[in-house]
Each structure stands twice: as structure tokens, then as C-alpha cells.
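Here's the structure, in C-alpha cells; my notes come after.
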Amino acid sequence: MKKTFGKTLVKILSVAVCSCAVLSMNSCHDPIFEKINEEVALEKLGINGDVMSFTRFGDYIYLSNGRVYYKTGKSSAKTGELNGQWDRATLPLTESNDGYEVPALTMYLASDSTTLYALTYMWKEDTSDGDQLVDEIHLFATTDKDPSDGTDWREVYLSSIITGTTSKDPYSAIRVIFDNQAYAESERKAYVNVYSKEKSAYTIYRLNGTETPTMVTEGYKLNGTATPDAITAETDMSTVCSTTTYSGTDFFANYHALASTANGIYYSTSATSSAYTSSANLSGSATLHFGKSFNNGTFTTHTSNDLGAGSILSIAPAANALLLGTSSGLGRVNISTDGTPESSSSDFSSNGDSIISEYVFKVFVLDPSKQEDTASNENGTDEYAASTIYGSIRGSSDTFSETGLYAYYPSRHKWNRDGTSDTSSGGN
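In C-alpha cells:
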């Protein structure tokens, strides 16, 4: 494997890299947050770091934050277990770049019906200011659906797509991977945003295991109106970072907040042109768009409402509501039986309104056919959220130990930190 090319890509936040420095800094807690902590004591075990992906593969769910973690896809109602059920997965790459002390970090995951994909960054130091810079980006794949005894990762080589008429090389041309978040295994699709020699631009390819991916030249690109843009080979897909499949049609977006059910599609437009980068660089809109009944390139029903819940960064549907990750913490909005969302955000019956005060970059609902924010084991679903500190740690009401993974279990009817059972690492 080629070690270094001396090329500098984008600077991104890596909480996993900076954890030692972050832990040594103090934060200033406001009285409201202190009161919340008194009412709901944070659990000692919890995965920290900037969680960039949740995905399903086989009988497990996975997340990535530099490391990769997995746990059973069975609900807490079936297992009877709450916190401490995550395990570390085998990483596709752990070595440092030419002896540089920062190890390779797996930042993004995606899956389709047969394969789990991992996007791994190798680092170097910018000697001018000491920052960590991405030096190489590697894409890996595995068909191994049992991570408990190790994972056999294979590198996906994209040379045939990247090299030729462009100066880009296979280790500096990939931006992000993502999937369509489908619950049913047979409906899952995964994609990569990569520099294409055919277009001389970044664009989207559908992944196909370790085989050559296929460029996306059909489907629709959402734009905040009832008539999304039909995708052709000439469509600008350079900042696309999310997708969902609704009514048999693939929809793509330049923003992370995108999801769908059988009843409709939900999304919120982003204000940044760099939506594929880390959550530290993400901005967004408080407006939730809803599209329903897509025919002849147009949604018969299309609504747009400012929910007043902060910028919407991620969306996870359940049977009765949408769980929202926002710039103000967790949010939710009730939906009717036909999928139509209410025009303003809804209160939690649990502590979801108050447990997280920072950005929630990713949310995940285990079973979208079940009820969100309910205390019923029979009717409720497990839920997950990833909190991250946006901007300076010094200006945050949260400390590093309070950010990372949170979970809601119906039998507990409370949100709290969630992680592994490893007490020596604090649940990391």
C-alpha cells in the first residue's frame, strides 16, 4: 500500500484525535444544565467522539467515530439489555502514516444488501500550525455479517474511475460514502462521492462490493420545491452526501437531513456548499420539507414549515413522529397516520428536550414501524443520537465526556449516554 503522497486535502474535526487535549479543558455549565444533570445522572459508560455514521448490516447496527462499533439489531425489549451492549469492530486499517503518531481513523460507514463499506483516513501533520491533515483516504468493503470474530476487510480500488485524464490519485479523490438508510435489507443501496475522470468533477457512483461502481445518471436531486431536479449525466452532484428511496425512486441531496417512509419524504436544506465534510462545518435550516405522491417528476403534496427547533441536521422517522437532530439538541415533530408532519415541533414526554444542549449531528431509530418517545416496550422503539460540540470547547456548556452517543430505551423512558461495557475506557 502506498504510504504518502504529500497532498493536503480538507481539514476536518477529529474528536478522537484531540480527546486528550479536550479532556484537559474546563467548560462553564449554566444553571439549567446543572439542574438537568441533577435530575438525570449521566451514565459513566458512553462512546465519545464525533459520530459520523449509523448503518444497518446483517443482524447488527454499526456506528463510526474514528473507530467502528457494533451491537445486535434486536431491540432492548427482546434482549432485556440497555447500556453497555456495543462492541468494537475490527478496523480495516490501523497503522500510522510513515510513523506519524495519529492512527488511521474510520470516519464513515455505509451498507447495501450484501456489503458493509468503510471510509478510512490516514493523517499527517501540518508543520506550519500543528493541525492534523488528511493525507490518504481508503475505501474498504466486507461481506462478513458476523463481526464478533473479526472482520475480513478488502480495499475497493477506484483507479479506473479516478485516474487517466485527471491529476487525482486513488488516495485523495474520495469525499464521502453514504447509503439510502433502508430498513429492509433487500432495498439497501450505498454510494460514494468521488472525483470522476469521465466528468472531470466530483460526482456520485453506486457501490458494488469490490467491483467497479456505476455512475448515478438517473433519479432526482432535491431542491426545496415540489419539482426536484431530474438527474442526468451532466447534473452537478459534487456536494451530494445523502440519499433515500421513496416510491421506487432514488432521491439525492446536498444535505444530511433526509429520510423517507412509505408515506412520504422528509428533508431540510443546508446552507453550506460543503455538506459532505464533518459535522464541525455543518450549518442548516429550521425548515422541514415534506413531499408526498411523486408523479411525473412532481410531488402532488409538498409542504415547507419552520419547526422552530433549530437547524435540522438529521432526521429519523418512526411510526408517530420524526426524531430530529438539531443545532439545539434533540427535537421531534409528530406525524399523522398518512405521514404528514405537524407545522411545529412537538414536546418530548421523556427528557429528550433537555438531555443534550449541543449539536446532534446524527439520529437513528431502530424500528421505524414502532412509536417514538413512548414508555411501551411493546409499541416503542430504541433510539440513538450523536451529540457533538460545534466550534470551541471553551464556549460550550458541554464537556467532551458528555458528548458522543446517547440512547433512548422505552423501558427506561429516558435518554442517557450509551456505550460498551469496558469500564477501563469509560465505555469507549
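If you count by mature numbering (1 follows the signal peptide of the UniProt record, and there is no 0), then the sequence shown holds residues -29 to -1, 1 to 399, one letter each, in order. Cβ atoms here follow ideal geometry from the backbone N, Cα and C, with glycine treated the same way. Keep in mind that this is a model prediction, so the values were computed, not measured.
Exercise. Should the region 109 to 123 be regarded as contacting the region 78 to 98, the criterion being three or more beta carbon pairs within less than 8 Å?
Worked result: Contact between the region 109 to 123 and the region 78 to 98 is present, because at least three Cβ pairs lie under 8 Å.
Exercise. When DSSP builds the beta bridges, which residues end up paired with Thr232?
Worked result: Position 261 of the sequence shown holds residue 232. DSSP lists Gly235 as the beta-bridge partner residues of Thr232.
Exercise. Hey, how far is the Cα of Thr232 from the Cα of Asp100?
Worked result: Position 261 of the sequence shown, counting from 1, holds the residue named residue 232. Position 129 of the sequence shown, counting from 1, holds the residue named residue 100. Taking the straight line joining both Cα atoms gives about 46 Å.
For this session: Quick one: using the 10 Å Cβ neighbour count with 16 as the cut-off for buried, is Trp124 buried or exposed?
Result: The residue labelled residue 124 in the question sits at position 153 within the sequence shown. Counting the other Cβ atoms within 10 Å of the Cβ of Trp124 gives 16 or more, which makes it buried.
Exercise. Quick one: Cα of Pro63 to Cα of Ala75, how far?
Worked result: Within the sequence shown, numbered from 1, the residue matching residue 63 stands at position 92. Within the sequence shown, numbered from 1, the residue matching residue 75 stands at position 104. One C-alpha to the other measures close to 9 Å.
Exercise. Relative to the C-alpha of Ser395, which residue among Arg303, Ile18, Pro184 and Ala48 is closest?
Worked result: Looking up residue 395 in the sequence shown gives position 424. For Ser395, the nearest C-alpha among the options comes from Ile18.
Exercise. Quick one: is Thr65 buried, meaning 16 or more other Cβ sit within 10 Å of its Cβ, or exposed?
Worked result: By 1-based counting over the sequence shown, the position of residue 65 is 94. By the 10 Å Cβ count, Thr65 comes out exposed.
Exercise. Between Phe270 and Gly351, what straight-line distance do the alpha-carbon atoms span, to the nearest angstrom?
Worked result: In the sequence shown, residue 270 corresponds to position 299, counting from 1. In the sequence shown, residue 351 corresponds to position 380, counting from 1. Distance from the CA atom of Phe270 to the CA atom of Gly351, rounded to whole angstroms, is 31 Å.
Exercise. Does the distance from the CB of Ile286 to the CB of Ser239 come in under 9 Å?
Worked result: What you label residue 286 is simply residue 315 of the sequence shown in a count that begins at 1. What you label residue 239 is simply residue 268 of the sequence shown in a count that begins at 1. Yes, they are a contact pair.
For this session: Might you give, ordered along the chain, the residues of its own chain that have their beta carbon closer than 7 Å to the beta carbon of Ala292, omitting 5 neighbours on each side?
Result: Numbered from its first residue, the sequence shown carries residue 292 at position 321. Here the set comprises Arg303, Val304, Asn305, Ile306, Ser317, Glu343 and Asp344.
Exercise. Which value, in whole angstroms, describes the spacing of the CA atoms of Ser275 and Ala197?
Worked result: On the sequence shown, residue 275 is found 304 positions in, with the first residue counted as 1. On the sequence shown, residue 197 is found 226 positions in, with the first residue counted as 1. Here the C-alpha atom of Ser275 lies approximately 10 Å from the C-alpha atom of Ala197.
For this session: Could you tell me if Glu169 is buried or exposed, where buried requires 16 or more neighbouring beta carbons within 10 angstroms of its beta carbon?
Result: Indexing the sequence shown from 1 puts residue 169 at position 198. Exposed, since its Cβ has fewer than 16 Cβ neighbours within 10 Å.
Exercise. Out of curiosity, what's the CA-to-CA distance linking Lys333 and Ile326?
Worked result: Along the sequence shown, read from residue 1 onward, the residue named residue 333 stands at position 362. Along the sequence shown, read from residue 1 onward, the residue named residue 326 stands at position 355. Using only the alpha carbons, I get a separation of about 15 Å.
Exercise. Closest to Pro381 by CA distance: which of Thr359, Thr86 and Gly51 is it?
Worked result: Here the question's residue 381 lines up with position 410 in the sequence shown. Comparing Cα positions, the closest option is Gly51.
Exercise. To which residues does DSSP link Phe332 through a beta bridge?
Worked result: Position 361 of the sequence shown, counting from 1, holds the residue named residue 332. Phe332 is not bridged to any residue.
Exercise. Can you list, in chain order, the residues of its chain whose CB lies under 8 Å from that of Ser244, leaving out five sequence neighbours each side?
Worked result: For the purposes of this step, residue 244 is taken as residue 273 along the sequence shown, with counting starting at 1. The predicted position of Ser244 is uncertain, since its pLDDT is 44 and thus under 50; a value taken from the coordinates is nonetheless stated next. Excluding positions up to five away in sequence, the list reads Thr210 and Asn225.
Exercise. Do you know how far the Cα of Arg59 is from the Cα of Leu53?
Worked result: What you label residue 53 is simply residue 82 of the sequence shown in a count that begins at 1. What you label residue 59 is simply residue 88 of the sequence shown in a count that begins at 1. Cα to Cα, Leu53 sits roughly 17 Å from Arg59.
Exercise. For the alpha helix (DSSP H) that contains Lys385, what are its first and last residues?
Worked result: Position 414 of the sequence shown, counted from the start, is the residue given in the question as residue 385. Counting along the chain, Lys385 sits inside no alpha helix (DSSP H); it lies in the beta strand (DSSP E) bounded by residues Lys385 to Arg388.
For this session: Please determine, among Arg388, Thr214 and Thr272, the residue with the shortest C-alpha to C-alpha distance to Asn234.
Result: The residue you call residue 234 lines up with position 263 of the sequence shown. Closest option to Asn234, judged by alpha-carbon separation, among Arg388, Thr214 and Thr272: Thr272.
Problem set entry | Same chain only: Cβ atoms within 7 Å of Glu189, ignoring 5 sequence neighbours per side | For the purposes of this step, residue 189 is taken as residue 218 along the sequence shown, with counting starting at 1. Within the same chain, Ile202 come within 7 Å of Glu189 by CB-CB distance, once the 5 residues on both sides are set aside.
Problem set entry | Span of the beta strand (DSSP E), counted from its first residue to its last, around Ser35 | Residue mapping note: residue 35 aligns to position 64 of the sequence shown, counting from 1. From DSSP, the beta strand (DSSP E) with Ser35 extends over Tyr31 to Ser35.
Exercise. Where does the unbroken alpha helix (DSSP H) through Thr50 begin, and where does it stop?
Worked result: On the sequence shown, position 79 is the one that residue 50 refers to. Taken as a continuous stretch (DSSP letters only), the alpha helix (DSSP H) holding Thr50 covers Ser47 to Thr50.
For this session: Determine the closest residue to Gly279 out of Leu301, Tyr191 and Phe25, with distance taken between C-alpha atoms.
Result: Within the sequence shown, the letter at position 308 stands for residue 279. Nearest C-alpha to Gly279 among Leu301, Tyr191 and Phe25: Leu301.
Exercise. Is any heavy atom in the ligand ADP found nearer than 8 Å to the beta carbon of Phe319?
Worked result: The ligand ADP is not part of the structure shown, which contains no ligands of any sort.
For this session: Could you spell out the range, first to last residue, of the alpha helix (DSSP H) harbouring Ser131?
Result: Your numbering for residue 131 matches position 160 in the sequence shown. First-last of the alpha helix (DSSP H) with Ser131: Ser130 to Ile133.
Exercise. If you draw a straight line from the C-alpha of Met23 to the C-alpha of Lys385, how long is it?
Worked result: On the sequence shown, position 52 is the one that residue 23 refers to. On the sequence shown, position 414 is the one that residue 385 refers to. Met23 and Lys385 have their C-alpha atoms spaced approximately 23 Å apart.
For this session: Compare the C-alpha of Asp117 against each of Ile132, Lys95 and Tyr40 and name the closest.
Result: Counted from its first residue, the sequence shown places residue 117 at position 146. It is Tyr40 whose Cα lies nearest to the Cα of Asp117.
Exercise. Rounded to a whole number of angstroms, what is the C-alpha to C-alpha distance between Val147 and Tyr79?
Worked result: By 1-based counting over the sequence shown, the position of residue 147 is 176. By 1-based counting over the sequence shown, the position of residue 79 is 108. So the alpha carbons of these two residues sit roughly 7 Å apart.
For this session: Could you give the DSSP three-state label for Pro381: helix, strand or coil?
Result: Within the sequence shown, numbered from 1, the residue matching residue 381 stands at position 410. The answer is coil: DSSP assigns Pro381 none of H, G, I, E or B.
Exercise. Pick from Asp207, Lys263 and Thr26: whose alpha carbon is nearest that of Asn164?
Worked result: Stepping through the sequence shown from its first residue, residue 164 is reached at position 193. With distances taken between Cα atoms, Asn164 lies closest to Asp207.
Exercise. Ala81 and Thr26 look like a contact to me (Cβ under 8 Å); what is the Cβ gap, rounded to whole Å?
Worked result: Counting from one through the sequence shown, the residue named residue 81 turns up at place 110. Counting from one through the sequence shown, the residue named residue 26 turns up at place 55. Rounded to whole angstroms, the Cβ separation of Ala81 and Thr26 is 6 Å, and the two are in contact under 8 Å.
For this session: Starting from the C-beta of Tyr355, find all residues in its chain whose C-beta is less than 6 Å away, skip the five residues before and the five after it, and write them out in chain order.
Result: The residue labelled residue 355 in the question sits at position 384 within the sequence shown. Taken in chain order, the residues that qualify are Phe335 and Ala378.
Problem set entry | Coil, strand or helix - Asp207 by DSSP | Looking up residue 207 in the sequence shown gives position 236. In the three-state scheme derived from DSSP, where H, G and I count as helix and E and B as strand, Asp207 is classed as coil.
Problem set entry | Beta-carbon spacing of Tyr173, Tyr162 below 9 Å | Your numbering for residue 173 matches position 202 in the sequence shown. Your numbering for residue 162 matches position 191 in the sequence shown. Taking 9 Å as the cut-off, the beta carbon of Tyr173 is found no closer than this to the beta carbon of Tyr162.
Exercise. Helix, strand or coil for Glu14 per DSSP?
Worked result: By one-based count along the sequence shown, residue 14 stands at place 43. Under the three-state reduction of DSSP, Glu14 is assigned to coil, being neither helix nor strand.
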